[in-house]
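Encoded as structure tokens, the structure appears first; notes follow it.
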Amino acid sequence: METTEVQIHRGLRGIYIDNTQASFIDGNVGKLLYRGYDIHELAEKSTFEETMYLLLHGQLPTRAQLSAFDAELRAARPIPAEVIQIIRLVQRAHPMDVLRTAVSALAAFDPDVTNESPEAILRKGIRLTAQAATVVAAHERIRHGLDPVPPDPSLNHAGNFLYLLRGKRPDPEEAKTMDVDFIIHAEHSSNASAFAARVTASTLSDLHSAIVTGIGTLKGPLHGGAAEKVMEMAEAIGQPERAEEYVRETLKSHGRIMGFGHAVYKAEDPRARHLRDRSKVLGEKRGEPQWFQILTVLEQKAMVPYRARGIYVNVDFFAGSVYHLLGIPSDLFISIFAMGRIPGWTLQVMEQQAHNMLLRPLLNYTGPMDLPYVPMDQRR
Ligand SMILES: CC(C)(COP(=O)(O)OP(=O)(O)OC[C@H]1O[C@@H](n2cnc3c(N)ncnc32)[C@H](O)[C@@H]1OP(=O)(O)O)[C@@H](O)C(=O)NCCC(=O)NCCS
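Each number in my numbering corresponds to the 1-based position in the sequence shown with 182 added.
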């Protein structure tokens, strides 16, 4: 049989699938823009609500636009009692499985579920962003034998999330830390979960299905799981004096240092710096300065030789310690990433559907051909 040479692009590395107006990444210099705005400016000057508006509408809001958008987000926080009931039923599952299940169930109660107009996708993205925080916090309380607390409409998205988790209002510094974390996780171009969400959207499926796809894809340890692993690593190291030895031993056995390296960034991940100082300040305040000290030895000493190979800290490096210091259990870390990413997934779905083409790559078949079918009683 005649065969033609097929060029395989494993992992789709280096392949552009479309144009985007969502975010720009230059991995060689560590640059990230959302809708043209530098992530550093957004992390320092913006809020999650404003950044989410920017992502979904393509421009910074006026005061009146932001106020209306924020009011819509706050109003969307409560989730149906039936969904709380479902969370109770699956409470023993991993928080990401619970979030995935709850988002799927929320579709059944969404007034726009069959409406895939751009306006309806926007409304659903806003609702899901607000509801996801309620789901994650409700599950955390339910699995510890506590009742969920009703959302507090006087708090912003980040502050309300911490309030829902703890049942008491966070101090402004903690709420701001959570807010910055949501900003830096909001969008990141065609990473695996956004690409998966686009594939679902490209079949003209609905937003809830695309977000469920995104959550399921983010869950894998090669994508969303590193913050948890960084904290495990810091706990295993235990004290700053042991950090260099830990790196030597791990690399000798071909292990990886969690929170370092990135598929796109070959310089420092620009998102990392915004949690670095917060990890230090929170650690001192909480009387647990050792985590920041351990991470600093890793970053400033042990892993310095790896910079020449383009291996620098990524967004997850300080995130794990920050979540820990906010009193958040480690199996919730990926769910927090997912909550922050819903605006980005929503935007990617909107872009995909604005000029849709079914995403349908090819696989090069390398198995046997034209085998004769063997009847059951003749098989050995
Ligand atoms: C994120 C990650 C998968 C991206 O990797 P990538 O760019 O596709 O590069 P590769 O996995 O092909 O690794 C390239 C080389 O760098 C090394 N490397 C990459 N990240 C490393 C790390 N964190 N620790 C030690 N070595 C690392 C690899 O061992 C490999 O070395 P080799 O060429 O001698 O085999 C990888 O850096 C990693 O596993 N990091 C740790 C997990 C993590 O923090 N993930 C969160 C990402 S936001």
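Beta carbons: idealized from backbone N, C-alpha and C, even for Gly.
- DSSP places Tyr-494 outside both helix and strand once states are collapsed to three, so it counts as coil.
- Under the Cβ criterion (8 Å, minimum of three pairs), the segment 469 to 476 does not count as touching the segment 510 to 520.
- No heavy atom of ligand 1 is found nearer than 7 Å to the CB of Gly-549.
- Sequence-distant Cβ neighbours of Ala-204 in its own chain, meaning closer than 6 Å and more than five residues away, are Glu-369 and Leu-529.
- Within the chosen limit of 7 Å, ligand 1 does not reach the beta carbon of Asn-210 with any heavy atom.
- Our two residues, Asp-459 and Asn-373, have alpha carbons roughly 26 Å apart in a direct line.
- Under the 10 Å beta carbon count, Leu-236 is surrounded by 16 or more other beta carbons and is classified as buried.
- In this structure, the straight-line span from the alpha carbon of Val-331 to that of Thr-395 is close to 28 Å.
- Excluding sequence positions up to five before and after Met-558, its CB lies less than 6 Å from no other CB in the same chain.
- Positions of the alpha helix (DSSP H) runs, each at least 4 residues long and wholly inside the segment 444 to 502, are given as 455 to 468 and 472 to 479 in order along the chain.
- Shortest gap from the CB of His-444 to any heavy atom of ligand 1: under 7 Å.
- In this structure, Asp-498 lies near Val-412, with their beta-carbon atoms less than 8 Å apart.
- Going by DSSP, Tyr-428 is part of the alpha helix (DSSP H) stretching over 425 to 434.
- Under DSSP, the beta-bridge partners assigned to Ile-207 are Leu-214.
- In the DSSP annotation of this structure, the continuous segment of the alpha helix (DSSP H) that includes Arg-348 starts and ends at 339 to 348.
- In this model, Arg-348 and Gly-327 are separated by some 13 Å (Cα to Cα).
- Judged by beta-carbon spacing, Ile-393 lies within the 8 Å limit of Ala-379, meaning their Cβ atoms are closer than that value.
- Asp-552 carries a coil assignment under DSSP once its states are collapsed to helix, strand and coil.
- The straight-line gap separating the alpha-carbon atoms of Asn-201 and Ile-366 is approximately 22 Å.
- If you draw a straight line from the Cα of Leu-540 to the Cα of Glu-264, it comes to about 34 Å.
- Residue burial is scored here from C-beta neighbours: Phe-291 has fewer than 16 other C-beta atoms within 10 angstroms and is therefore classed as exposed.
- Scanning His-339, Arg-195, Arg-217 and Ile-266 for the CA closest to the CA of Phe-251 turns up His-339.
- Within a 10 Å sphere around the beta-carbon of His-191 sit fewer than 16 other beta-carbons, which makes this residue exposed.
- Restricting attention to Asn-546, Val-556, Leu-553 and Pro-550, the CA atom closest to the CA of Val-188 is found in Asn-546.
- When beta bridges are read from the DSSP output, Asp-220 appears opposite Leu-215.
- Residue state for Phe-291 is assigned as coil, using DSSP reduced to three classes.
- For the pair Tyr-555 and Phe-442, the Cα-to-Cα distance works out to about 51 Å.
- One thing to note: Met-532 has its Cβ no nearer than 8 Å to the Cβ of Ile-324.
- Shortest Cα-Cα distance from Asp-361 to any of Ala-536, Tyr-505 and Arg-562 involves Tyr-505.
- Excluding sequence positions up to five before and after Leu-464, its CB lies within less than 6 Å of the CB of Leu-507, all in the same chain and listed in chain order.
- Under the DSSP definition of a beta bridge, Phe-442 partners with Val-495.
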